[in-house]
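Some notes on the structure that comes next.
Residue numbers (the UniProt record's numbering), protein chains in the order written: chain Y, 1 to 260; chain F, 1 to 248.
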């Protein structure tokens with residue numbers, strides 16, 4: 001095979017990747033800028049708050065409680081190898097608040113919210129509803145994107161906070177019911193070990209992941225191809241991209257908060 | 001009122017509009033006909049600014065359509081989309097009164113609802129349809145709701161994109177008659193895209209035939225059958241024989 005053919009293909013892929021980064025970056029900038037510029041659409045914002053925040057609570061709660069419980073079991077079993085079983089409350093707390101809470105909530109939001117936003121907006125695009133919005137003097141970025149991004153910015157940190165608490169509660173239940181920990185001591189160790197920086201980092205990650213999830217859903221929805229296949233591809237790409245960007249942002253934010 | 005001068009638009013290697021020229025006088029009804037994929041919808045979307053032409057100029061009332069206050073420009077237009085393009089998440093009355101519930105033309109909700117119900121009656125729908133959702137309506141009813149939405153803010157210019165596609169002949173006739181009545185009653189300038197020759201005869205004052213990205217023939221509907229233009233004659237007769245290739 002001609003090596004230049006492979007090189008050319010690689011070059012095109014890299015250029016396409018950078019072009020996509022550029023387009024997504026510009027889209028995100030416009031989406032955020034429209035949050036601050038009238039007209040505002042309070043009804044659409046309220047619906048987005050309900051869909052992204054309230055209706056995500058069950059999936060976030062269930063994810064967090066099982067993760068917290070499993071984490072407690074793992075730390076106990078792992079800690080037993082070097083007589084460190086007592087660190088369960090501290091490691092569950094730090095693990096949930098710093099990493100697992102924000103990341104798992106972010107990924108669940110990507111699965112539930114990003115896919116839903118992308119599919120809804122892509123369907124609107126292929127059925128000309130986006131064009132109809134424009135002819136009705138309504139800017140799609142203001143009507144569709146800004147309310148969803150703002151709602152995600154507000155609700156996902158709250159979901160992360162709730163997920164952190166439920167995850168710690170899951171660990172607490174497992175530790176006190178199955179592993180013989182004293183309830184009061186467990187709670188005291190948890191509270192004493194957590195620092196303000198842990199909680200702030202968790203909430204900041206939540207806000208960043210919320211914006212990523214909403215922006216990716218809106219971007220792929222607005223740029224969807226035609227027909228059912230276009231909607232399907234937009235939905236799939238939005239979830240993949242949001243999940244990867246959430247994990248990358250998590251790595252960067254962890255570095256910013258804890259490596260300095 | 002609307003003038004297109006040498007408008008060109010390509011999508012990749014597909015040159016859809018290749019220097020389209022068209023003029024629509026104020027208060028008249030222009031119907032654009034042509035085969036599928038000849039760029040009729042693209043032309044319409046270029047006027048509205050939904051698609052940016054590669055070159056050429058579009059004027060509305062002598063002013064360049066690509067400049068000036070976009071909201072004020074769009075406020076002059078109403079549009080009926082091919083599939084209705086109703087917003088699934090809103091009940092029928094909020095679809096019809098969409099423009100009256102937000103933005104610069106915002107009215108109190110009760111008043112906007114009254115107007116919506118009035119417009120629904122105008123297109124032959126009962127007031128109990130107002131609280132249904134678009135998914136609960138038949139195709140013909142959706143077209144009527146789309147028509148009610150297009151006229152709700154009493155626009156000066158109304159575009160109809162294939163208003164009878166997918167409807168049975170009786171419902172097509174009803175929609176055609178409604179469009180003609182409404183355009184005459186409102187004194188609006190209308191531009192319709194269709195393949196349906198019965199629509200052309202019912203709606204048009206003037207007809208333009210778009211083929212190969214240019215207007216092949218334009219003139220009053222009364223002269224359409226005696227135009228002598230081979231493209232137009234083939235299109236009217238629906239024959240596979242003629243200058244328009246059947247396989248495209």
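All C-beta atoms in this analysis are idealised placements derived from N, C-alpha and C, irrespective of residue type, glycine included.
Under the DSSP definition of a beta bridge, residue 3(F) partners with 23(F) and 59(F). For the stretch 126–157 of chain Y, residues whose beta-carbon sits nearer than 7 angstroms to a beta-carbon of chain F comprise 127, 128, 129, 131, 132, 134, 135, 136, 137 and 138. Inter-residue distance for residue 142(F) and residue 120(F) is about 11 angstroms (C-alpha atoms, whole angstroms). Contact note: residue 39(Y) reaches chain F through 102 and 103, using a C-beta cutoff of 8 angstroms and chain order.
In the DSSP assignment, no residue is bridged to residue 82(F). The C-beta of residue 47(Y) comes closer than 9 angstroms to at least one C-beta of chain F. DSSP, reduced to helix, strand and coil, places residue 107(F) outside both helices and strands of the structure shown, so it counts as coil.
For residue 1(F) against residue 24(F), the beta-carbon gap comes to about 6 angstroms, under 8 angstroms, which counts as contact.
By the beta-carbon neighbour count (other beta carbons within 10 angstroms, threshold 16), residue 194(Y) is buried. The criterion of a C-beta distance shorter than 9 angstroms is satisfied by residue 155(F) and residue 78(F). Residue 247(Y) and residue 195(F) have their C-alpha atoms some 51 angstroms from each other. For residue 93(F), the enclosing alpha helix (DSSP H) starts and ends at 92–96.
No Cβ-Cβ contact shorter than 9 angstroms links residue 17(F) with residue 5(F). Here DSSP, grouped into helix, strand and coil, assigns residue 145(Y) to helix. Close to residue 50(F), with beta-carbon spacing below 7 angstroms, are these residues of chain Y in chain order: 131 and 134. CA-to-CA, the gap between residue 257(Y) and residue 163(Y) works out to about 20 angstroms. In the three-state reduction of the DSSP assignment, residue 9(F) falls in the strand class, which pools E and B. Legend: CB atoms of the stretch 121–154 of chain F lying less than 9 angstroms from CB atoms of chain Y belong to residues 146, 149, 150 and 153.
Excluding five sequence positions before and after residue 204(Y), the CB atoms of its chain that fall closer than 8 angstroms to its own CB belong to 157, 253 and 257, given in chain order. In the displayed model, residue 225(Y) falls within coil according to three-state DSSP, outside both helix and strand. Bounds of any alpha helix (DSSP H) do not take in residue 195(F), whose DSSP letter is neither H nor E. Following the DSSP letters along the chain, one finds residue 186(F) inside the alpha helix (DSSP H) bounded by residues 169–186.
Assignment of residue 219(F) by DSSP, reduced to helix, strand and coil, places it in the strand class. Comparing C-alpha distances from residue 171(Y) to each of 30(Y), 28(Y), 27(Y) and 100(Y) shows the shortest one belongs to 100(Y).
Residue 116(Y): member of the alpha helix (DSSP H) spanning 115–126, first to last residue. Between residue 36(F) and chain Y, the shortest Cβ-Cβ separation is not below 9 angstroms. Closest in alpha carbon position to residue 208(F), among 191(F), 202(F) and 198(F), is 191(F). In terms of CA proximity to residue 239(Y), 221(Y) leads the group 22(Y), 221(Y) and 70(Y). Contact check for residue 56(Y) against residue 112(Y) passes: the beta carbons are separated by less than 9 angstroms. Nearest CB-CB separation between residue 113(F) and chain Y: not below the 9 angstroms threshold. At a cut-off of 9 angstroms between beta-carbon atoms, residue 204(F) makes no contact with chain Y. For the pair of segments examined, the stretch 142–152 of chain Y was found to touch the stretch 206–213 of chain Y: the number of CB pairs separated by less than 8 angstroms reaches three. Between residue 193(F) and residue 159(F), the CB-CB gap stays under 9 angstroms. For residue 235(Y), no CB of chain F lies under 9 angstroms from its own CB, so it is not counted at the interface with that chain. For residue 189(F), DSSP records a beta bridge to 157(F). For residue 39(F), the CB contacts under 8 angstroms within the same chain, skipping 5 residues up- and downstream, are 9, 16, 17, 20, 210 and 213 in chain order.
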